[in-house]
Each structure stands twice: as C-alpha cells, then as structure tokens.
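Scroll down for the structure; my scribbles are underneath it.
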Ligand code: GUN
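In the numbering used here, the protein residues as written are 89 to 373.
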C-alpha cells in the first residue's frame, strides 16, 4: 500500500483564496487588515518564514510589514516596539518570529502583545480561551493540521490521535484541539523522553510528528492505515526533511503530508485568516 499524499499547498491555496475574498469585502468599508511581523537577528530559517508570510499577506490583500531588529536589541527596547504597535490603530496583527536570541525572554515578549492583536494565538489569554473551547485566535500550525486531517475524510471521533512533541507552539495546542468536543479524539502526547515510544505510536489512528528531530518516525512506528501528519522542517545539507522518514512511512500510512508542501503552507494560510479575524474584531465588523 502506498499512502495518499495530503497536498497542503493546494489546501492552503483554497484557504488563502477564501481569506482574500473576505478581505476584499472588508475593503469596501475601507478596512485593510494589517499584520506586522517582528524578526530579531539573522536566523536564516526565520528570515525565509517571515518573507513567505509577507508575500502571502500581499497576495491576499493584507498589508504585511516586517520590522527587522538587530540581535543586539535589549528586552526593554523590544517591549517598547511592541507597545508602539499595540497602540497603533492601523495595526491589527502582531507576530514576533520565534525563536528569539537567547538573551531575550520570549515568554515576557509574547505576554506583551495586545491579546486582540495576537494572531499567533500565543498570549496566555488566547491560550486559555482556546483551551476552554471558545477560541479568539487558533494557533496557526495546529489549526492548519486540523484542516488537513478534515480533508482526508477520516473521522476523528473516538480515534486515537498520538501527538509527538509538547511545545507551546504545536504539541500542546494540537492535543487540546484534538480532544475538544466535536473533534472527540482520544489523545496521547509523547515526546523525546517517552519510553517505548514505538509501542504508543503504533496504536495511533492519527499520528502527528512535531518533535523537531529529523526522520524520527519510521515506517515501523506507524500502524498500517494510519493518517500521518509531519510538522517537522529540518534542514539537511542537500534538502529539507520532516520528523517522519517519508520513504518508509509512505508504505504503511493511508495518508501522509509531504515535507515541504504539507503543514508549512497551512500555517501561513491560517495566519492570514487570524489577521482577518483581528481586523474584524478590532474594527467592530
Ligand atoms: N516559529 C516557528 N513557528 C512559528 C509560528 O507559528 N509563529 C512564530 N511567531 N514563530 C514561529
């Protein structure tokens, strides 16, 4: 058996077109959603992500600006920048690209973003609302993964979803979305310290790899017929690989996301959707 490929690029295009159409309607009331992304330092991967976000905004009719700051910036200078954007009524969405240089306190930086402009959904108020099942902004990557799972047609109700990874950005919110009422999966969270992890992953009807270790999940760790979602983006000298060893996994799974072209494009599409939501909420539309 060879798995069906889940085409995140194509599904993201559909979401982006929907957002663009809604942005055009909002523009009739002279409201143009505006996202400002802050990037600190020169991390090459982060530079690529931010450039892709900027391009996607412009294509959808969203004003996308990037504030580029030197890695030598102090915590209080960065907080001042965020405060200025919080008070700027023309800005609907604020995003601080992670990871930040080690001398900066990421948690305090994320706490400083106006919760109504927190299009990443990382502010504790938005995390809390999401956990309670009344989200303002769903975190972009887990939301994108939920969309991809939906498109496979596989029912999540009563299914065993195993999430590998416990980050605040993906693993923890991913588990929270899968377990919520209406989705109704039974969720197990594994991570790099989990014992006998293969025994657990082989029980998964839906397996989500977000552990940040290249090709961590092999075909032997996958239950035949499972849906496999690979959130990993790991740079090798010659190519990008996911957290799943694609060549062995594709022989076992029923559906699998490629890397690149799977989850990555969905994250950006969901960011655009959140920026539109922020513009609507802040402008009372
Ligand atoms: N770094 C890796 N993923 C993300 C994301 O979704 N948002 C931000 N701000 N930084 C990231």
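We treat Cβ as the ideally placed atom computed from N, Cα and C, and that holds for glycine.
These numbers were taken from a predicted model, which means no experiment stands behind them.
In the DSSP output, what is residue i paired with across the bridge?
{"i": "residue 152", "result": "123"}
{"i": "residue 248", "result": "274"}
{"i": "residue 343", "result": "92, 315"}
{"i": "residue 157", "result": "128"}
{"i": "residue 284", "result": "According to DSSP, residue 284 bridges with nothing at all."}
{"i": "residue 103", "result": "Partner(s): none; residue 103 has no beta bridge."}
{"i": "residue 267", "result": "Note: residue 267 sits in no beta bridge, so no partner."}
{"i": "residue 305", "result": "332"}
How many Å lie between residue i and residue j at the Cα?
{"i": "residue 352", "j": "residue 298", "result": "12 Å"}
{"i": "residue 330", "j": "residue 302", "result": "6 Å"}
{"i": "residue 354", "j": "residue 165", "result": "32 Å"}
{"i": "residue 227", "j": "residue 154", "result": "20 Å"}
{"i": "residue 341", "j": "residue 91", "result": "5 Å"}
{"i": "residue 214", "j": "residue 274", "result": "23 Å"}
{"i": "residue 97", "j": "residue 202", "result": "31 Å"}
{"i": "residue 107", "j": "residue 364", "result": "7 Å"}
{"i": "residue 246", "j": "residue 305", "result": "23 Å"}
{"i": "residue 136", "j": "residue 371", "result": "31 Å"}
{"i": "residue 94", "j": "residue 210", "result": "27 Å"}
{"i": "residue 208", "j": "residue 291", "result": "31 Å"}
{"i": "residue 112", "j": "residue 145", "result": "13 Å"}
{"i": "residue 288", "j": "residue 280", "result": "13 Å"}
{"i": "residue 233", "j": "residue 206", "result": "20 Å"}
{"i": "residue 127", "j": "residue 187", "result": "9 Å"}
{"i": "residue 138", "j": "residue 132", "result": "10 Å"}
{"i": "residue 236", "j": "residue 316", "result": "10 Å"}
{"i": "residue 258", "j": "residue 328", "result": "19 Å"}
{"i": "residue 124", "j": "residue 109", "result": "21 Å"}
{"i": "residue 180", "j": "residue 117", "result": "15 Å"}
Compare the C-alpha of residue i against each of the options and name the closest.
{"i": "residue 307", "options": "338, 365, 323", "result": "338"}
{"i": "residue 160", "options": "147, 171, 189", "result": "189"}
{"i": "residue 225", "options": "182, 187, 259", "result": "182"}
{"i": "residue 99", "options": "356, 367, 369", "result": "356"}
{"i": "residue 268", "options": "254, 218, 258, 252", "result": "218"}
{"i": "residue 294", "options": "328, 345, 141", "result": "345"}
{"i": "residue 359", "options": "92, 103, 166", "result": "103"}
{"i": "residue 250", "options": "263, 112, 163", "result": "263"}
{"i": "residue 255", "options": "270, 245, 242, 229", "result": "229"}
{"i": "residue 282", "options": "158, 93, 95, 252", "result": "252"}
{"i": "residue 367", "options": "322, 343, 314, 149", "result": "149"}
{"i": "residue 199", "options": "176, 170, 223", "result": "170"}
{"i": "residue 134", "options": "209, 96, 184", "result": "184"}
{"i": "residue 312", "options": "336, 327, 320", "result": "336"}
{"i": "residue 309", "options": "167, 205, 286, 328", "result": "286"}
{"i": "residue 242", "options": "343, 167, 110, 143", "result": "343"}
{"i": "residue 158", "options": "216, 206, 191", "result": "191"}
{"i": "residue 261", "options": "290, 220, 284", "result": "220"}
{"i": "residue 320", "options": "326, 348, 197", "result": "348"}
{"i": "residue 115", "options": "143, 124, 151, 142", "result": "151"}
{"i": "residue 174", "options": "193, 163, 204", "result": "204"}
{"i": "residue 195", "options": "248, 179, 240, 167", "result": "167"}
{"i": "residue 272", "options": "176, 244, 284", "result": "244"}
{"i": "residue 193", "options": "163, 141, 231", "result": "163"}
{"i": "residue 314", "options": "296, 266, 277", "result": "296"}
How is the beta strand (DSSP E) around residue i delimited, first residue to last?
{"i": "residue 297", "result": "294-297"}
{"i": "residue 181", "result": "181-184"}
Over what stretch of residues does the alpha helix (DSSP H) that includes residue i continue unbroken?
{"i": "residue 207", "result": "Run containing residue 207: none; DSSP gives neither H nor E here."}
{"i": "residue 233", "result": "228-240"}
{"i": "residue 324", "result": "First-last for residue 324: undefined, no H or E at that position."}
{"i": "residue 225", "result": "Careful: residue 225 lies outside any alpha helix (DSSP H) and carries neither H nor E."}
{"i": "residue 217", "result": "212-219"}
{"i": "residue 163", "result": "163-175"}
{"i": "residue 451", "result": "This structure gives no information on residue 451, because the portion of the chain shown stretches from 89 to 373."}
{"i": "residue 199", "result": "194-200"}
{"i": "residue 335", "result": "334-337"}
Given the structure, does residue i come close to the ligand SAM, in the sense that its CB is under 8 Å from one of the ligand's heavy atoms?
{"i": "residue 184", "result": "This structure does not include the ligand SAM; its bound ligands are the ligand GUN."}
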